[in-house]
Each structure stands twice: as C-alpha cells, then as structure tokens.
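Colleague: Below is one structure. I have some questions about it.
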Amino acid sequence: MTDARHALLAGIVDYAGLFPPASLGMPEVVANYASYRASGDAWMLGRLVVPVARLQEFMAALDSDREAAKSTEGVPWLLAALGGGDVGRDVGAIRSFNDRHGERAVVDVLECKAADVPAIASIGAAVGGAHLTTYVEIPAASDPALLVAALREHGLRAKIRTGGVTPDAFPPAAHVARFLARCVAAQVPFKATAGLHHPVRGDFVLSYAGDAPRGTMFGFLNVFVAAGVLVRGGSEADAERVLGDSDPHDFSIEGDVVRWRDQAFSLADLGRLRHAATAFGSCSFREPVDDLAALAPT
C-alpha cells in the first residue's frame with residue numbers, strides 16, 4: 527500500500543542541474559545527485575539528465591567522486607540523455623555507453639526535439655529496437671494534435687517546455703492545457719521541463735542572478751493535477767482552470783487522497799494520472815521538495 531503523496535510524487539523530479547538557471551558544473555551535479563539519492567527525499571528523485579555529448583564527462587566526474595561512485599555499486603544510476611540533433615548517432619553513443627558502464631550507470635531514456643511529423647517519423651525509425659523510452663519535445667504554440675498522433679504511431683512520448691529564465695519563455699495556460707488534453711486523448715505519456723520549481727503557480731524570480739526578472743511560473747501540482755482532471759474525463763477548460771490557480775489552499779495531499787478544490791483524486795486516479803504524466807525536469811531538486819514541504823495542509 528502507498529499514500530497519496532507517494533502515488534502522486536514518487537520519482538517525479540528528473541534532476542537537470544547542468545542546465546539553466548542552475549548551470550552547475552558536472553562534478554557538482556554528480557555530487558548533488560549522489561546526496562539526493564542518499565537523502566530521506568530520494569523517493570521523489572527521478573533520473574539524472576545529461577546530454578549525450580557529455581556522457582563521458584559524466585563518467586569521469588563519477589569516477590573522481592568516491593562517495594558518488596560508491597553509491598552506484600549494485601544500484602546503477604538511471605540517466606535521461608538529452609540528444610544533440612543526430613538521433614541515430616545519439617542512439618549509437620548510448621548503446622556504447624551502456625555496454626561499457628551499464629553496471630554503474632544506465633541511459634534508459636532519450637530526450638530530443640521535433641517540430642513536424644516527418645521529424646517525428648525519423649526519430650521513431652532511429653530509436654526502433656533500441657529499448658529506449660524516448661520523449662520528443664514538440665511545440666505547443668499551435669494545436670499539437672497531429673504531432674501527438676505521430677508520437678503515438680511511432681511509440682514515442684511527448685515533452686512540453688513550461689518555462690525558462692525570461693517571462694516570454696512561459697507558454698499561456700491555454701496552450702499547456704491543450705497539449706495535456708491532446709496527450710491524454712491519444713494516450714501518449716508526457717513529461718514537462720523548465721519553470722516548475724514550485725508546487726503552485728505564482729510570481730517568482732526566474733533565475734538565480736541578482737538582477738533576474740520575475741514572472742508567473744506554473745506549479746508542478748498545477749500541471750499534474752490538470753492532467754489528472756483530464757484523465758478523469760474533465761474538459762480542456764477544466765484543465766486550464768487548474769493551471770491558472772495560484773491559491774495554495776486549493777491543493778492538498780491528505781492520507782490517500784489528493785484534492786483540488788472540491789475534487790478528490792483517489793489512489794487509483796493517481797495511478798492513472800502518473801501513467802499519463804510521468805515526470806518533470808528541474809535544475810533544482812531541493813526547491814520543489816522543500817517548497818512542497820512548506821505547503822499546508824499536506
């Protein structure tokens with residue numbers, strides 16, 4: 527048995543400390559990921575995100591960090607590799623990496639981008655038989671129905687960018703709701719990335735720079751609960767309302783139920799939700815975890 531907190535949030539944060547706004551060096555990212563794996567919050571930790579082009583740099587950093595290297599013994603680290611544009615070459619590099627280092631670190635997820643149906647078909651052909659769960663970041667500014675249908679046809683998953691380090695990097699809630707609705711309708715699992723450091727939508731500093739701009743960021747609870755509303759048969763407009771909700775008192779996790787306003791999501795609902803909405807990438811692991819702990823009630 528599990529509780530609602532674990533059903534909703536287990537393995538939900540893919541740690542992407544190499545990327546903005548954190549932009550940490552590889553040794554620090556490796557040390558951080560090792561410490562998160564050893565922490566009491568490890569149950570929320572997903573994969574470590576590393577570009578395919580930096581996999582050997584990752585192994586060098588892992589080998590030079592005694593504590594991190596020790597943590598891989600018997601329990602290999604799971605990596606999500608960010609492709610560089612040539613998917614066939616990326617798949618070859620991943621296979622070589624796994625053959626050489628698979629007892630300590632395994633790339634089992636590939637992430638790449640495509641803007642049209644032919645590009646999605648090309649990715650599908652390149653990863654066919656590679657036993658890699660593959661997420662394809664697609665544009666959401668226009669209706670992605672055809673792109674999502676192509677992802678389903680080729681056995682691929684979807685990825686949406688939900689923010690960045692400038693206000694204009696955040697898509698409108700209507701575009702996110704439409705993306706979620708298309709994925710749920712087509713039964714295409716998805717993940718989100720960028721701008722989801724906090725549980726609930728609000729006005730936050732967008733980077734760690736001293737002169738960083740502020741902007742409205744989506745909350746990861748908003749995104750995942752919105753997906754849950756759709757999975758239960760709610761409308762795109764319903765999902766948009768969840769995405770736009772900035773009142774933390776509207777969200778709660780209590781016992782075996784997650785609530786948004788007057789809606790309650792059971793463990794069975796949460797299982798279906800997490801089949802649809804798998805993870806989100808964040809350059810910070812502690813911010814989502816610590817901000818969630820500060821919510822009341824949880």
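Residue numbers (our numbering): 527 to 824.
Just so it is clear, CB atoms sit at the ideal spot from N, CA and C, and this is done for glycine as well.
Note that the coordinates shown come from a computational prediction; the quantities given were computed from them, not determined experimentally.
#1: Taking only the alpha-carbon atoms, compute the straight-line gap between D485 and R767 and give it to the nearest angstrom.
#2: Is T824 helix, strand or coil by DSSP?
#3: Distance check for R621 and F584, CA to CA, integer angstroms please.
#4: Quick one: what's got a C-beta closer than 7 Å to A790's C-beta in the same chain, skipping five residues either side?
#5: DSSP puts Q582 in a beta bridge; with which residues?
#6: Since L769 contacts F744 with CB under 8 Å, what's their CB separation in whole angstroms?
#7: Going by C-alpha to C-alpha distance, which of P725, D771 and A763 sits closest to L534?
#8: To the nearest whole angstrom, what separates the beta carbons of P698 and P739, a pair I think is in contact under 8 Å?
#9: Specify, as a first and last residue, the run of the alpha helix (DSSP H) that V649 falls within.
#10: Using CA atoms only, rank isn't needed, just tell me which of L604, V556 and W603 is closest to A586.
#11: Please list the terminal residues of the continuous beta strand (DSSP E) segment that includes S637.
#12: Can you have a look at E762 and say buried or exposed, based on whether 16 or more other CB atoms are within 10 angstroms of its CB?
#13: Classify S668 as buried or exposed, calling it buried when 16 or more other Cβ atoms lie within 10 Å of its own Cβ.
#14: With distance defined between alpha-carbon atoms, name the residue in A666, I538, V731 and A684 nearest to R704.
#15: To the nearest angstrom, report how far apart P644 and V632 are at their CA atoms.
Modeller: Answer, in terms of the structure:
#1: Because the chain in this structure spans residues 527 to 824, residue 485 falls outside the shown range and cannot be described.
#2: Residue confidence is low: T824 scores 43 on pLDDT, short of 50, so the model does not pin down where it sits. Its coordinate-derived value is still stated next. Correct three-state label for T824: coil.
#3: 16 Å
#4: V783
#5: Looking at the DSSP assignment, Q582 forms no beta bridge with any residue, so it has no partner.
#6: 6 Å
#7: P725
#8: Not confirmed; about 18 Å, so no contact.
#9: As written in the sequence, residue 649 is Ile, which differs from the Val given in the question. Run containing I649: V643 to V653, per the alpha helix (DSSP H) assignment.
#10: V556
#11: It is Glu, not Ser, that sits at residue 637 in the sequence shown. Run containing E637: A631 to K639, per the beta strand (DSSP E) assignment.
#12: buried
#13: exposed
#14: A666
#15: 29 Å
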